[in-house]
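So the structure is just underneath, and the comments pick up after that.
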Amino acid sequence: MTFGKGCHLHLIDGSAFIFRAYHALPPLTRKSDGLPIGAVAGFCNMLWGQLTQNRGKSGPTHIAVVFDYSSKTFRDEIYDKYKANRPDLPEDLRPQFPLTREATRAFNVACLEMEGYEADDIIATLARQATEAGGDVTIISSDKDLMQLVGNGVVMFDAMKSRTIDRDEVIEKFGVPPERVVDVQALAGDSVDNVPGAPGIGIKTAALLINEFGDLETLLARAGEIKQPKRREALEGSADLIRISKRLVTLDAHAPVTGTLDDLEVREPQPGPLMEFLSRMEFRTLTRRVAEALKIEAPAMPDNSLTPAHAAEPASSPAAEPDRVPFLHDAYECIRDRAALDRWIAAIRDAGHVAVDTETTSLDEMRADLVGISLAVVPGQACYIPLGHRQGGDLFAGDALTEGQLPADTVLAALKPVLEDEAILKIGQNMKYDWKIFARHGIRIAPFDDTMLMSYAMHAGLHNHGMDGLSDRYLGHKPIEIKSLLGSGKSAVTFDRVPVDTAVRYAAEDADVTLRLWQAFRPDLHRAQVTTVYETLERPLVPVLAEMEMAGIRVDPNVLSRMSNAFAQQMAGLEAGIQELAGQPFNVGSPKQLGEILFDVMGVPGGEKGKTGAYATGADVLEDIAANTDLGRPAELAARVLDWRQVSKLKSTYTDALQTHINPETGRVHTSYSIAGANTGRLASTDPNLQNIPVRTEEGRRIREAFVAGPGMRLVSLDYSQIELRILAHVADIPALKQAFRDGIDIHAMTASQMFNVPLDQMTLEVRRRAKAINFGVIYGISGFGLARNLRIPRAEAQAFIDTYFERFPGIREYMDATVAFAKDKGFVQTLFGRKIHTPEINAKGPTAGFARRAAINAPIQGAAADIIRRAMIRMPPAIAGLPARMLLQVHDELLFEVEDGAADDLIAAARRTMEGAAHPAVHLDVPLVVDAGQGANWAEAH
DNA sequence: TGCGTCACG
DNA sequence: GACGTACGTGACGCAC
1 MTFGKGCHLH LIDGSAFIFR AYHALPPLTR KSDGLPIGAV AGFCNMLWGQ LTQNRGKSGP
61 THIAVVFDYS SKTFRDEIYD KYKANRPDLP EDLRPQFPLT REATRAFNVA CLEMEGYEAD
121 DIIATLARQA TEAGGDVTII SSDKDLMQLV GNGVVMFDAM KSRTIDRDEV IEKFGVPPER
181 VVDVQALAGD SVDNVPGAPG IGIKTAALLI NEFGDLETLL ARAGEIKQPK RREALEGSAD
241 LIRISKRLVT LDAHAPVTGT LDDLEVREPQ PGPLMEFLSR MEFRTLTRRV AEALKIEAPA
301 MPDNSLTPAH AAEPASSPAA EPDRVPFLHD AYECIRDRAA LDRWIAAIRD AGHVAVDTET
361 TSLDEMRADL VGISLAVVPG QACYIPLGHR QGGDLFAGDA LTEGQLPADT VLAALKPVLE
421 DEAILKIGQN MKYDWKIFAR HGIRIAPFDD TMLMSYAMHA GLHNHGMDGL SDRYLGHKPI
481 EIKSLLGSGK SAVTFDRVPV DTAVRYAAED ADVTLRLWQA FRPDLHRAQV TTVYETLERP
541 LVPVLAEMEM AGIRVDPNVL SRMSNAFAQQ MAGLEAGIQE LAGQPFNVGS PKQLGEILFD
601 VMGVPGGEKG KTGAYATGAD VLEDIAANTD LGRPAELAAR VLDWRQVSKL KSTYTDALQT
661 HINPETGRVH TSYSIAGANT GRLASTDPNL QNIPVRTEEG RRIREAFVAG PGMRLVSLDY
721 SQIELRILAH VADIPALKQA FRDGIDIHAM TASQMFNVPL DQMTLEVRRR AKAINFGVIY
781 GISGFGLARN LRIPRAEAQA FIDTYFERFP GIREYMDATV AFAKDKGFVQ TLFGRKIHTP
841 EINAKGPTAG FARRAAINAP IQGAAADIIR RAMIRMPPAI AGLPARMLLQ VHDELLFEVE
901 DGAADDLIAA ARRTMEGAAH PAVHLDVPLV VDAGQGANWA EAH
């Protein structure tokens, strides 16, 4: 059919469809692989609706979906800031664009786009061609930019509101008829598209002026007649910008569209390709509907294909409103028989997901015994399975298990297939804990989500990520506190002593809360654009860390106890000497008493009191006193206290405490890493902290000799060389620093050479030391005061160094300023890998602002380094899978391994490759990452 | 429980 | 012009 009178062309604004679909729907994902697919689903539904509802005489004879080709168009040539304000595309939307093109073709509908032109221009051109040929046009869109086309056989149709937009509607919206709409838009401008317009003039005023003067050119020519001075000045001062604005908003009805209108004739969908596409997308309902309409059989598909991210239940169910369901503790079920357990397992399989929580006898997963398991599938409905509750208080009952509990083995055997089922998502709060508990029972949980880590990815820097806090903040519900069950302090009991009835209310609530948090966080994760961070940097780390913690590191208690004894003697000797110098006995470990002895009794000048009224007696203060030999006895005393403190620290924190952390079953120390502890993305090690084992002094380093490899094994240590400075060189884009790293030269010496004009071969250690301090200072958000204190030089001198540094490397200051400006604007900073660190205090007043500013400067650098080693750790198990080796510890830029004798070199090669390539392919650094390696029988030798 | 101190990167 | 200041952690002992 040749296009002409009686023909009706429908032009669908495809880009508008996509955005509306994206924002109208929760972030659905394809079940088989998690591909974000919500916008495609909405797009297909809307397109199908368009194709079906208008069949018959009022329906289209010709149809096309029109897309924007890319963000770059001829309008960018007219005005370089056009659409410059547009926020970045959500990361889960971008991959859906090509799929919507594919969908359009699958429905056998013409799909148009053209380089250099917006969809609106193509629509304008086709509408002109169609009306010139005598046909009618309906534009399926509600975009105000298309309203200039209305009239002369062209109407618009708002598909969301099922409302036709004709000439009257346009007049209602703009105050002028369609042919004058561009004049109004030119004057009013558009903040969304960054069309400048005239300052202070909105649509109302613009319409008023156009109606008074007739059209834009007349208005501009006679602007002098306008009475209101502000309007007059706005027009006279911005005439050029207004004319540019008009060119920006005027659609090009003569775009070089290829093909003819005849190509757009409505065609029946081809069942084959359409069914293939819809079933590949796993759109279950739409596939069925389309199949029915085409009178063909729908292809088979698994149930619940789409994973609704926001609601466990269909949208019509009240359960879809997570915060509306009250917490009813009496409604929680206690599972005491096999039938009830099987009922729950069936419900879990039906839903495809389950929130899980374990109750145990200890926070130390390596010593904890399983006491019970709670599950939740639907908000408000949760259960608790008691397994290991014991009689409390009754001497005669002793350790006997209470009646009416299913055997733990039976329950674990029944749950194992569910917990390991690839098709069932397990949801937990701090999953590493439960993962380890189950791992000790031979169950490896997968796949899983972790609400603590979701919160961390979204909210780092804003608040902590513990369950009680998250529940209070995001669900408006304060869960039962564990303290109310166990008590605190000396009288605290373990969870197995809690009566089952009480335990049900507490434990099931935890699963309930976790499930609701997950439902609340899922869509937010996409909106905050941290899905990739969560999925690549947080979640996969859980099993990796769990394995490392379970492996533990062998610590030789004999070495430690010998050292403890030696330290004790040393301390006693020092203590006697100190008290003799003081002339009286006192507690050397009390800063308060020491301060009084030094400054009041012995009369050392210059004592400074802190906020508690006590004298400051930190190492820097004591060092100053010790160095001042004029003082005599007090200097000697200060020097001995410094020695005493060092020994005391080593004994109490390391040689004594570490012994108590040796697990009697494994003979090893099992630290626990918190993934969501440090705001910057770094891990934190606790119970014990194995990230601060001494290394800087000779005496301290000997403690590392107690960390030994198992029999027939060696320890291997690999650490990133200068990783934070390398990241700084990359992100601040400093050519001299980048070149130095590429050439492999001493970075601190290079800095010194550039700053002080000293050739590298004449560099003194002192000059290099200063440059090193400045390099670190930069990473920390340098200040003259801080550098002066660190280098113990006058403040003016330190400031001069900093000034020189910024002169030689001007990019550093630009980076710092840009980072702080970004933080002030957005409230967070970001690493190269997309990790967000919030900076809520950045706009504060007073000293707080200084802290926030420096933290904001440091966070992207420290955070990127943390991201890189996380990536390396996640890839490490497969990278060393063939080797008799395992990863034991992470110390921010170092990984420590245990490997069988003879395989150390192979391990070093594999691990080094993984670490040096860890930024790829997400980020291509302008500087190489370099990893140093060492090996030995103990950690001191390996480091 | 808060603070001062000090161990690490 | 004064304020205060290097970034990020965890564990210990003392004093309340």
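For what it's worth, the UniProt record's numbering labels the leading residue of the first sequence as 1, then goes sequentially. Even glycine gets a Cβ: it sits at the ideal position worked out from N, Cα and C.
Cα-Cα separation, residue i to residue j
i    : j    : result
A311 : P27  : Reliability of the predicted coordinates at A311 is poor, the pLDDT of 34 falling under 50, and the value obtained from them is presented with this limitation in mind. Each residue's alpha carbon lies about 11 Å from the other.
L791 : A752 : 15 Å
E898 : N938 : 10 Å
A368 : L294 : 60 Å
F851 : G461 : 13 Å
F67  : Y805 : 51 Å
V493 : Q96  : 54 Å
G573 : K611 : 33 Å
N304 : R284 : In this prediction, N304 has a pLDDT of 47, which is less than 50 and means its spatial position is unreliable; nothing more can be read from the coordinates.
A414 : L370 : 16 Å
M454 : P877 : 24 Å
G606 : A909 : 55 Å
D630 : E766 : 26 Å
L261 : P199 : 42 Å
K416 : G677 : 30 Å
F567 : G388 : 44 Å
D733 : G936 : 38 Å
A319 : A616 : Model confidence at A319 stands at a pLDDT of 35, short of 50, so the residue's coordinates are unreliable and nothing is read from them.
G197 : L219 : 14 Å
T307 : H748 : Annotation note: pLDDT 49 at T307 (below 50); position unreliable, no value reported.
Continuous alpha helix (DSSP H) stretch holding residue i: start and end
i    : result
Q405 : Per DSSP, Q405 belongs to no alpha helix (DSSP H) and is neither H nor E.
E217 : 216-221
Y22  : 14-24
D687 : Per DSSP, D687 belongs to no alpha helix (DSSP H) and is neither H nor E.
L594 : 591-595
K483 : 483-486
F74  : 74-78
Per DSSP, cross-strand counterpart(s) of residue i
i    : result
P386 : G372
I723 : Note: I723 sits in no beta bridge, so no partner.
Q381 : V378
K609 : Y615
E898 : L715, R886
A44  : According to the sequence displayed, residue 44 carries Cys and not Ala. Its beta-bridge partners do not exist; DSSP assigns none.
V927 : Partner(s): none; V927 has no beta bridge.
G936 : L715
V708 : R554, N938
heavy atom of the ligand COA below 7 Å from residue i C-beta
i    : result
V604 : You won't find the ligand COA in this model; it holds no ligand whatsoever.
Delimiting residues of the beta strand (DSSP E) encompassing residue i
i    : result
G632 : Unbroken run through G632: none, as it is neither H nor E.
E359 : 353-360
F67  : No beta strand (DSSP E) holds F67; DSSP gives it neither H nor E.
I427 : 425-428
8 Å contact criterion, which residue i and residue j should meet: CB distance rounded
i    : j    : result
V931 : R912 : 5 Å
I63  : L278 : With 8 Å as the limit, I63 and L278 do not qualify as a contact, their Cβ atoms being about 19 Å apart.
L683 : I675 : 6 Å
R336 : Q405 : 7 Å
G153 : V137 : 6 Å
R702 : V695 : 10 Å between Cβ atoms; not a contact.
L907 : A919 : Contact flag wrong, Cβ pair sits at about 21 Å.
Task: Residue ranges of each beta strand (DSSP E) within the region 438-472, 3 or longer - done: 448-450
Task: alpha helix (DSSP H) runs contained entirely in the region 90-144, provided each spans 4 or more residues - done: 96-106, 119-132
Open item on the list: Restricting to runs no shorter than 4 residues, where is the alpha helix (DSSP H) found entirely within the region 132-213?
Closed with: 167-174, 181-188, 203-213
- [ ] At 4 residues or longer, and completely inside the region 741-776: list those alpha helix (DSSP H) runs for me, N to C.
- [x] 747-756
- [ ] Can you check the region 523-557 for any beta strand (DSSP E) of at least 3 residues that lies completely inside it and give the ranges in chain order?
- [x] 553-555
Task: Complete alpha helix (DSSP H) runs within the region 231-259 (minimum length 4 residues, chain order) - done: 239-249
TODO: List in chain order: all unbroken beta strand (DSSP E) runs of 3+ residues lying wholly within the region 800-850.
DONE: 828-830, 836-838
- [ ] Let me know the alpha helix (DSSP H) ranges lying completely inside the region 643-674, each 4 residues or longer, listed in chain order.
- [x] 657-660
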